[in-house]
Amino acid sequence: MSRTPQSPSTRAPLGWRAVPALVAGLTLLLVAMLTAFELPAVHSGPHKVPIAVAGPQRAAAPLAEKLDRARPGAFDISLVDDARTAQQRIDDREIYGAVVVGGTPGTAPEVLVAGAASPPVAATLRGLAPALAPTPAGATAAVRDLHPLPAADPNGVGLSAGALPLVLGGYLAAILIVTLLRAPAQRAATAFGFALTGGFALTALLRYGFDVIGGNYLLTSLAVAFSTAATCWTIMGLRALLGGPGLGLGAAMMIFLGNPLSGLAGGPEWLPSGWGTFGQFLPPGAGGTLLRSMAFFDGAGSARALLVLAAWLAGGLALFAYGTRRGEPGARPDGGPADPRASEREEPAAQVSTP
Numbered sequence: 001m002s003r004t005p006q007s008p009s010t011r012a013p014l015g016w017r018a019v020p021a022l023v024a025g026l027t028l029l030l031v032a033m034l035t036a037f038e039l040p041a042v043h044s045g046p047h048k049v050p051i052a053v054a055g056p057q058r059a060a061a062p063l064a065e066k067l068d069r070a071r072p073g074a075f076d077i078s079l080v081d082d083a084r085t086a087q088q089r090i091d092d093r094e095i096y097g098a099v100v101v102g103g104t105p106g107t108a109p110e111v112l113v114a115g116a117a118s119p120p121v122a123a124t125l126r127g128l129a130p131a132l133a134p135t136p137a138g139a140t141a142a143v144r145d146l147h148p149l150p151a152a153d154p155n156g157v158g159l160s161a162g163a164l165p166l167v168l169g170g171y172l173a174a175i176l177i178v179t180l181l182r183a184p185a186q187r188a189a190t191a192f193g194f195a196l197t198g199g200f201a202l203t204a205l206l207r208y209g210f211d212v213i214g215g216n217y218l219l220t221s222l223a224v225a226f227s228t229a230a231t232c233w234t235i236m237g238l239r240a241l242l243g244g245p246g247l248g249l250g251a252a253m254m255i256f257l258g259n260p261l262s263g264l265a266g267g268p269e270w271l272p273s274g275w276g277t278f279g280q281f282l283p284p285g286a287g288g289t290l291l292r293s294m295a296f297f298d299g300a301g302s303a304r305a306l307l308v309l310a311a312w313l314a315g316g317l318a319l320f321a322y323g324t325r326r327g328e329p330g331a332r333p334d335g336g337p338a339d340p341r342a343s344e345r346e347e348p349a350a351q352v353s354t355p
C-alpha cells in the first residue's frame with residue numbers, strides 16, 4: 001500500500017452557493033472599472049491650470065481678473081514682469097501658457113502656449129486669451145507655441161494612446177516572469193533586462209515609427225525603462241508578498257486607477273480636482289509626466305516624477321526581497337518547498353510501502 005500526500009493547492013469546488021456572490025462581485029468589479037475610466041473623461045476640463053499674464057501691472061492685473069471671472073476655478077493665474085520671464089516658466093514646466101500684454105496702447109497681445117505640455121490646455125488658451133485681451137480694433141493676438149507636438153501628431157492623440165500599452169507592458173511582464181521563472185535571481189535579471197530593452201524599443205517605436213515624440217532618444221528611453229521597471233517590480237513585489245491577490249491589487253492600482261488618472265492626454269490639471277494630483281503619485285501618472293518632460297522639455301519638471309517612480313521601484317524591490325526570503329504564499333505548511341518540481345523529487349522518499 002502506498003500513500004501520496006495530497007497537494008495543498010487542491011481545493012474543493014465552491015458549489016452553487018457561491019454563484020450569486022461571484023456574479024455580484026464580478027458585476028461590482030465591472031461597474032468599478034467603468035467608473036474609473038469614465039469619471040475622468042466626463043468631468044475633464046481645466047482645473048486650476050497654472051498660467052501667467054505678463055506685462056506692466058496696470059495692464060496685466062485687470063486682464064488676470066477678467067480671465068478669472070470668465071472661467072472661475074479654471075486657471076491659477078500669476079503675474080510676471082515680461083514675456084521672457086513667462087517663457088522661462090513655460091520652459092521649466094511651471095506654467096502651461098501665458099498672455100503677454102504691452103504697456104503701450106494699440107499694442108496687440110501675444111499668447112504663449114506649450115502644445116506638448118497639454119494639447120487641450122493649449123487649445124483653451126488659443127480660444128480664450130485673444131478674446132479676453134485688450135485687443136484694439138484691427139489688431140490680432142498672435143499665438144506662439146513654444147513646445148509644439150510633432151507634425152505627425154499635432155493633437156497628441158498618438159502619445160495618449162500609448163498610455164495603456166506602457167502600463168500593461170510592465171504588468172504583463174511581471175505576471176509572465178513570476179509564472180515562468182522560479183529562481184529569484186532569474187526573475188530579477190529578467191525584470192531589469194526587460195525594462196531596459198523594452199524602454200529602448202518602445203521609445204524607438206514612438207519616435208521613429210510613429211513620430212509622436214521628440215527629445216533625446218537615450219534619455220527618453222531611460223525614462224521609459226525607469227517607469228516600466230517601477231511598474232514591473234511593484235507587481236512582482238506584491239505577488240511575492242501576497243500571492244495571487246497581489247496581482248489583483250496591482251491591477252487595481254496600475255490599470256483601473258493609474259491609467260485613467262495618469263493625465264497623459266491633457267495633464268493632471270485637466271482631470272477632476274484632486275484626482276489628477278493623486279494620479280501623479282502612481283507609476284502611470286509619474287511615468288507619463290517623466291516621458292513628456294524628457295521628450296519635449298529636456299527633462300524640465302521631472303523631479304517629482306523621478307522621486308515617485310524611485311519610491312515605487314524601491315518599494316517593489318523591498319517587497320520582492322521580503323516575500324522571497326519569507327517564502328511565497330502557497331508553500332507547503334510543513335515547511336516543504338513551494339516548487340512543485342521539488343515536491344515531486346521528494347515524493348518517492350515520502351511514500352510508504354507495506355506488503
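Residue 238 in full-length UniProt numbering sits at position 238 of the sequence shown; the count goes up by one each step and never skips.
Even glycine gets a Cβ: it sits at the ideal position worked out from N, Cα and C.
Span of the beta strand (DSSP E) around residue 97 | 97-100 is the extent of the beta strand (DSSP E) around residue 97.
Of the listed residues 110, 199, 93, 248, nearest to residue 82 (C-alpha basis) | 110
What's the C-alpha gap between residue 116 and residue 124?
-> Cα to Cα, residue 116 sits roughly 14 Å from residue 124.
What does DSSP give as the partner residues of residue 78 in its beta bridges?
-> The partner list for residue 78 (beta bridge, DSSP) reads 52.
May I have a chain-ordered list of the alpha helix (DSSP H) segments no shorter than 4 residues that lie completely inside the region 269-312?
-> Runs found: 275-279, 283-296.
Look up residue 110 in the DSSP assignment and say whether it is helix, strand or coil.
-> In the structure shown, residue 110 sits in a strand (DSSP, three-state: E or B).
Terminal residues of the continuous alpha helix (DSSP H) containing residue 212?
-> Residue 212 -> no alpha helix (DSSP H), and no H or E assigned at all.
For residue 260, is the classification buried or exposed, using 16 other Cβ atoms within 10 angstroms of its Cβ as the cut-off for buried?
-> buried
Between residue 46 and residue 77, what straight-line distance do the alpha-carbon atoms span, to the nearest angstrom?
-> 12 Å
Which of helix, strand or coil does DSSP assign to residue 145?
-> strand
Under a three-way DSSP split, which group does residue 118 fall into?
-> coil
Is it true that the CB of residue 285 sits closer than 8 Å to the CB of residue 302?
-> no
Pairwise C-alpha distance: residue 277 and residue 320 | 28 Å
Are the region 142-160 and the region 181-190 in contact at 8 Å, needing three or more beta carbon pairs?
-> Three or more beta-carbon pairs separated by less than 8 Å are not found between the region 142-160 and the region 181-190, which leaves the two stretches without contact.
For residue 234, which residues of its own chain have a beta-carbon under 6 Å away from its beta-carbon, when the five flanking residues on both sides are left out?
-> Around residue 234, the same chain offers 312, 316 as residues with beta carbons nearer than 6 Å, after the five sequence neighbours per side are excluded.
Nearest-angstrom beta carbon gap, residue 31 and residue 60 [assumed within contact, 8 Å] | That pair is no contact at about 48 Å.
Alpha carbon to alpha carbon, how far is residue 161 from residue 151? Give it in angstroms, no decimals.
-> 16 Å
Looking at the structure shown, is residue 233 part of a helix, part of a strand, or coil, going by DSSP?
-> helix
Taking residue 258 and residue 271 to be in contact with their CB atoms under 8 Å, please state how far apart those CB atoms are, rounded to whole angstroms.
-> 12 Å between Cβ atoms; not a contact.
Which residues bound the alpha helix (DSSP H) around residue 362?
-> Look at the range of the chain in this structure, 1 to 355, and you will see that residue 362 is not part of it.
Determine the contact status of residue 128 and residue 70, defining contact as a CB-CB distance below 8 Å.
-> In this structure, the beta-carbon distance from residue 128 to residue 70 falls below 8 Å.
Among 240, 199, 80, which residue has its Cα nearest to the Cα of residue 318?
-> 240
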